[in-house]
Amino acid sequence: MELLDGKKISNQIKEEITAEVVKMKERKEKVPHLAAVLVGSDGASMTYVNAKVKACEKIGFNSTLIELPEYTSEEELLEKINELNTNDDIDGFIVQLPLPDQIDEQKILMAIDTDKDVDGFHPTNVGKMALDLPTFLPATPYGIMELLERYQVETSGKNVVVLGRSHIVGRPMSILMSQKRKAGDATVTVVHSRSKDLKEITKRADIVVAAIGISEFLTGDMVKEDVVVIDVGITRVPDQTKKNGYRLAGDVDFESVSKKASFITPVPGGVGPMTIAMLLKNTLLARERHISKKK
Ligand code: BQF
């Protein structure tokens, strides 16, 4: 078993981006500027958004964190998005999900300027992705593709089973891995809460992407020998022995599955850090496209 070390690869990617930032500074160009909007004070969301801002600082990007109260109205958030859309100093921005109940997520995502949509969640950008057109790939699927590519995991003609059909992970993963591209050309099966005979399906998988949101869902008896396993889950499980009071659990029972796997991502330190790195990569792309748009 070999670990797919997302922490290590994400650091490599961050170094590559830092080298580009250094060149931009040498040319006296403006460096990429990412803004993040956080509505409310959900603990996990605050952790994620802070990790993104910290990563920007580390690699020399400018960043702006906009914190709005839990009771922010849809109109107020749309107003803030309009500001970010029209602010020429901002190259890309994200709205941290999930949003409070009074706000229609789809309406918000559709208001984001597609050229600044570094999360790649705008329907136009999702459509471009599905049609193999250049766009911003959503950061978690992008990170998984990059991880598979850099570890030279063979995907062509392989049976890939994606557990989960979320708009953020499962759906885009199923699209990307079936495409003619790096880490693509796979035969993809999507399984979800209505699927039957799950174990029969996962048993045939050469590669499993677990993004179902149920901690330790995939167990050793559900996979074949030498399977490649990508664990996208990160559930906070109460744990008194930890100083913050919880541990992070993946969608994979690492103990039993790692015994059979040829490659497997750990949690933490697998897909999570890759997500952050690819958000930075998208922000660099947004800056580069922003420059060439003006010329
Ligand atoms: C790690 C996310 C669910 C819902 C909304 C590093 C992250 C996580 C884990 C991180 C996630 C998950 C993010 C690790 C961003 C990934 O070391 O294992 C980083 O910050 N993530 C998010 O912004 O929104 C989410 C999961």
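Using our numbering, the final residue of the sequence shown is 436, and nothing's skipped along the way. The beta-carbon is built from N, C-alpha and C at its ideal position, and this holds for glycine as well.
Give a single yes or no on whether residue 282 has its beta carbon closer than 7 Å to a heavy atom of the ligand BQF. Counted from its first residue, the sequence shown places residue 282 at position 141. Every heavy atom of the ligand BQF is 7 Å or more from the Cβ of residue 282, so no.
I want to know whether the region 228-239 touches the region 176-185 - three or more CB-CB distances under 8 Å. Touching, per the Cβ criterion.
Is residue 234 helix, strand or coil when you go by DSSP? For the purposes of this step, residue 234 is taken as residue 93 along the sequence shown, with counting starting at 1. Strand.
For the beta strand (DSSP E) containing residue 208, list its first residue and its last residue. Stepping through the sequence shown from its first residue, residue 208 is reached at position 67. Residue 208 -> beta strand (DSSP E) spans 203-209.
Terminal residues of the beta strand (DSSP E) in which residue 379 lies: On the sequence shown, residue 379 is found 238 positions in, with the first residue counted as 1. Note, residue 379: beta strand (DSSP E), 376-379.
Quick one: measure Cβ to Cβ for residue 351 and residue 364, integer angstroms, because I've assumed they're closer than 8 Å. Working through the sequence shown from its first residue, we reach residue 351 at position 210. Working through the sequence shown from its first residue, we reach residue 364 at position 223. 10 Å between Cβ atoms; not a contact.
If we count Cβ pairs, one from each stretch, closer than 8 Å, do we get three or more for the region 263-272 versus the region 284-298? Taking 8 Å as the limit for Cβ pairs, the verdict is that the region 284-298 does not touch the region 263-272.
Quick check on residue 329: does DSSP put it in helix, strand or coil? Your numbering for residue 329 matches position 188 in the sequence shown. Three-state result, residue 329: strand.
Would you decide whether residue 335 is buried or exposed? Buried here means 16 or more other CB atoms lie within 10 Å of its CB. Counted from its first residue, the sequence shown places residue 335 at position 194. Exposed.
Taking 7 Å as the cut-off, is the C-beta of residue 237 nearer than that to any heavy atom in the ligand BQF? Translated into the one-based positions of the sequence shown, residue 237 becomes position 96. Yes, Cβ of residue 237 sits closer than 7 Å to a heavy atom of the ligand BQF.
Look at the alpha carbon of residue 271 and the alpha carbon of residue 333, and state the distance between them as a whole number of angstroms. As a working mapping, residue 271 is identified with position 130 in the sequence shown. As a working mapping, residue 333 is identified with position 192 in the sequence shown. Rounded to whole angstroms, residue 271 to residue 333 spans 20 Å at the Cα level.
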